[in-house]
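S.K.:
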Amino acid sequence: MRCGRRRGAAEESLARKGLGARIRQILQGGREGEAFFEELEDVLIEGDIGATLAVSLVDELRQEMGLRRTPGRDGVIELLKNRLVSNLRGEPLELDPNSLNCVLILGVNGVGKTTTIAKLVGFYRRTMGIENIVLAAADTFRAGAIEQLKIHGDRLGVRVVSQAAGADPGAVIYDSIESARSRGKGLVIADTAGRMHNKANLVRELQKIDKVARGRIGDGVYRTVLVIDATTGQNGLRQAEVFGEALEINSVILSKYDSTAKGGIAVSISRTLGIPFSFLGTGEKPDDLEPFDPIQFVDSLLEG
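Using the working numbering, read the sequence shown as starting at 6 and increasing by one per residue.
1) Check this for me: beta carbons of residue 273 and residue 82, under 7 Å apart or not?
2) Secondary structure at residue 277, three-state DSSP: helix, strand or coil?
3) Could you give the residue range of the alpha helix (DSSP H) that holds residue 240?
4) When the Cα atoms are used, what is the spatial distance from residue 308 to residue 263?
5) So what does residue 194 bridge to, in DSSP terms?
6) Inspect the beta-carbon positions of residue 280 and residue 241 and report whether they are closer than 7 Å.
7) If distances are taken between C-alpha atoms only, which option among 109, 99, 62 comes closest to residue 87?
8) Taking the alpha-carbon positions, what's the residue 123 to residue 291 distance?
9) I'd like to know if the segment 182-201 and the segment 142-159 are in contact, where contact means that at least 3 CB-CB pairs between them fall below 8 Å.
10) Check each candidate in 135, 28, 70 and name the one with the smallest Cα separation from residue 189.
11) What residues match up with residue 132 in a beta bridge as DSSP calls it?
12) Need the endpoints of the beta strand (DSSP E) that residue 282 sits in, please.
13) Measuring alpha carbon to alpha carbon, tell me which residue in 99, 84, 92 is nearest residue 225.
14) Straight-line CA distance for residue 92 to residue 187?
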């Protein structure tokens, strides 16, 4: 009993560690052959890589290691890093400072959409000098979402276009784009509802909003961005699939990420759906938004 309790405590302690620390512990434990690969597969699955992808990655790693006599501990980590990076897509969310831009923010409730919107305002002000920024409160199904966006707008000194709760979100998008257009070039960032309990209604609503935004932006730049919570796990892949059924997703922002988060979901989404990641949200501060770099991300993932 005592030995069993010690083993359970050790496993629980390992589970709290990041992916890299857990892989290193396997290597330090002297696992060899199939025992090592099986345990590595389990760790990758628990790190939200996903079962199917984890099996593929381990098979690829097994083949590569078979071509080398003794890759060593660091060599194994390097081989795994290369496999993970090759399955990740990172692309910048490019806008045009000399044109009218509209970014539609998607995601389920609670993933940090409004916080991410505020960070995007700061990012494009700093990096592209865009000052004519309008926030569209198109999540009209939840009154709290409208108020939250207004609070961010006040703090940032940007206009927020909104209507009463329950209003047509497409009309909010329309008014927001026209408001920005009245001042020429600029940027509209639109919040949207993320109710996952009724997929059919969600898909129809987003398709309607997408049609309005595409129609009004004209020759301007239009982007759709999905926000995924890094701690969500494999449910994040399902979210990306559902939103992808409604409209084409240009990129993903991974929010609430730190080195201990199960960031493997980014690899799973990139490999399965082919959607690139554009930003990494690393904290609550206004500047805690970093352009997504696959190599740096995997380094962080494997160091945790």
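Glycine is no exception: its CB is placed at the ideal position from the N, C-alpha and C atoms.
M.R.: Taking the coordinates as given:
1) no
2) helix
3) 240-251
4) 11 Å
5) 108, 140
6) no
7) 62
8) 7 Å
9) yes
10) 135
11) Paired residue(s): none; residue 132 is not in a bridge.
12) 282-286
13) 99
14) 43 Å
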